[in-house]
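Before any comments, here is the structure.
Residue numbers (the UniProt record's numbering): 1 to 382.
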């Protein structure tokens, strides 16, 4: 008799629990077809993420939503991710499945350390926890590369979690500091898989190959019109010889990412022009693996080379003098100055010369994605 009563009580308790979870799942902003396949742990996980996201959006209640969100994600060629200070994935854009093979609901609420390569955990922690002397967050930019699990096969099909591979992501964003107790401090990131699809190849880019110590082994002919070097001049020469002294740390970071993760984006740095001065560039690089070991080749495979696509982002900065760098002549400086003034007047902007012009362009690249479109519009009309 007692066992029958206890069984009935347990059955009633499970029924009430299922009703509570059903009501909770219906409150989530998800499609009914998605909610129908959620188990109880997933409902709790997504509910907590939703509560955190609502707390994060309290400060932006007065802002109108943008209609161009889907267009922005297409142009980005990546997805958005919001991380808590502990590494929990509070939010991911719904197009994450296109790049990772895992859906938005599968990832939200989980910790990023569960899906990233163990060797990258220290770098992720460094970007999540950045303190000053008084133990407060610095609201500054983040730019790093990590390896994350992907369920996509080489043919683009979705596999299962047991057959995941590592995909390299280039993550850029900034820390959002919330001082109110009800708010959440987080890391806002745009994540783009590497290597990028270089659909923007144009006359303002050139390709090159390097040995693992970054010495040129090949360079295409476009480098002559862009930088003034003949391809044979660069063979055997290190890219560090062409880099501005103040930007060597940027190249060092890019080189380290290439050696550890096989793919990287350098960020903006200055490259020496043969006639004098510097141009701002950005290099997208990947390590091309060598032949895999076999019975006839028992030695471990070695990387064959580093393949780079370098984008020219600016006009030469004239008048700079460093060891081995000759400034332009007075006549060349005057001609360049006149050209810059004419182009600036044509756009109805302030007269910008030399380094000031480059500095504005460089700042616009870092302020926002929208500013980049403005810079690109001005650059195309120069």
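Beta carbons: idealized from backbone N, C-alpha and C, even for Gly.
Item                                                                                                                                                     : Value
What are the boundary residues of the beta strand (DSSP E) that residue 315 is part of?                                                                  : Careful: residue 315 lies outside any beta strand (DSSP E) and carries neither H nor E.
With a floor of 3 residues, list each beta strand (DSSP E) that falls wholly inside the segment 201 to 251, ordered by position along the chain.         : 205 to 210 and 216 to 219
With DSSP as the reference, please indicate the residues paired to residue 111 in a beta bridge.                                                         : 88
For the beta strand (DSSP E) that residue 282 lies in, which residues bound it at each end?                                                              : 278 to 288
With residue 186 and residue 144 assumed to form a contact (beta carbons below 8 Å), what rounded beta-carbon distance in angstroms separates them?      : With a Cβ gap of about 16 Å, residue 186 and residue 144 do not count as contacting.
Alpha carbon to alpha carbon, what distance is there between residue 168 and residue 217?                                                                : 25 Å
Distance, Cα to Cα, residue 112 vs residue 127?                                                                                                          : 13 Å
My guess is that residue 237 and residue 270 are in contact by the Cβ rule of under 8 Å, so how many angstroms apart are they, rounded?                  : About 17 Å separates the two Cβ atoms, so there is no contact after all.
Using only the heavy atoms of the ligand NAP, determine whether one of them is closer than 8 Å to the beta carbon of residue 106.                        : What this structure holds is no ligand at all, so the ligand NAP is not there to describe.
Pull up the CB-CB distance for residue 97 and residue 210, whole angstroms please, since I reckon it's below 8 Å.                                        : In fact, because the Cβ distance is near 35 Å, the residues do not count as touching under 8 Å.
Alpha carbons only, please: which of 253, 234, 225 and 190 is nearest the one belonging to residue 72?                                                   : 190
In whole angstroms, what is the alpha-carbon distance linking residue 57 and residue 176?                                                                : 11 Å
Measure the beta-carbon distance from residue 234 to residue 219 and round it to whole angstroms, keeping in mind my assumption that it falls under 8 Å. : 5 Å
CA-CA distance, residue 140 and residue 188?                                                                                                             : 11 Å
I'd like to confirm the pairing. Which residues does DSSP put opposite residue 7 in its beta bridges?                                                    : In DSSP, residue 7 forms no bridge with anything.
Hey, would you say residue 194 sits closer than 9 Å to residue 117, going by beta carbons?                                                               : no
Taking the C-alpha atoms as reference points, what is the distance between residue 289 and residue 149?                                                  : 20 Å
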